[in-house]
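Residue numbers (full-length UniProt numbering): 1 to 121.
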């Protein structure tokens with residue numbers, strides 16, 4: 001799973017590929033259709049699509065002479081699960097930090113007593 005995630009995140013590191021994925025979210029498209037908004041060659045767009053295919057984000061179909069690219073949305077479930085796991089861990093760390101800070105704030109508040117003398121600080 002980790003190797004696949006590495007390929008997915010590496011594929012999405014490029015802004016053109018991220019944009020292509022966003023565009024494919026609204027429906028399938030051919031290489032020519034995907035190439036239209038970019039100042040790159042159709043061959044460059046084909047190479048970008050190949051990277052997305054290798055990562056499992058995109059598949060290519062065949063409709064007569066067309067070979068539309070299709071977004072494989074289930075790959076995003078894999079990414080979401082990975083991200084959510086680390087989000088939960090970070091949330092737990094922040095909750096522990098909040099508890100420590102609250103404890104420290106309580107120990108130094110107006111009612112805190114000097115441990116050596118027992119007097120209010």
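Each residue gets a CB set at the ideal place from its N, CA and C atoms; glycine is no exception.
What you are looking at is a predicted structure, and each value in this text was computed from that prediction instead of being measured.
Alpha carbon to alpha carbon, how far is residue j from residue i? Give it in angstroms, no decimals.
| i | j | result |
| --- | --- | --- |
| residue 29 | residue 67 | 8 Å |
| residue 106 | residue 89 | 26 Å |
| residue 73 | residue 65 | 25 Å |
| residue 62 | residue 78 | 26 Å |
Since residue i is in the beta strand (DSSP E), which residue starts that stretch and which ends it?
| i | result |
| --- | --- |
| residue 59 | 58-60 |
| residue 12 | Taken as a continuous stretch (DSSP letters only), residue 12 belongs to no beta strand (DSSP E), as it is neither H nor E. |
| residue 69 | 69-71 |
Using C-beta distances below 8 Å, list every residue in its chain close to residue i, excluding the 5 sequence neighbours before and after it, in chain order.
| i | result |
| --- | --- |
| residue 23 | 29, 34 |
| residue 131 | Examination of residue 131 is not possible in this model, given that the chain is present from 1 through 121 alone. |
Between which two residues does the alpha helix (DSSP H) harbouring residue i extend?
| i | result |
| --- | --- |
| residue 54 | 42-54 |
Checklist entry - Do the region 35-47 and the region 3-14 touch if we need at least three Cβ pairs shorter than 8 Å? => result Not touching, per the Cβ criterion.
Checklist entry - Which parts of the region 16-44 are runs of the alpha helix (DSSP H), unbroken and 4 residues or longer, counting only runs that do not cross its ends? => result Runs of the alpha helix (DSSP H) inside the region 16-44: 31-35.
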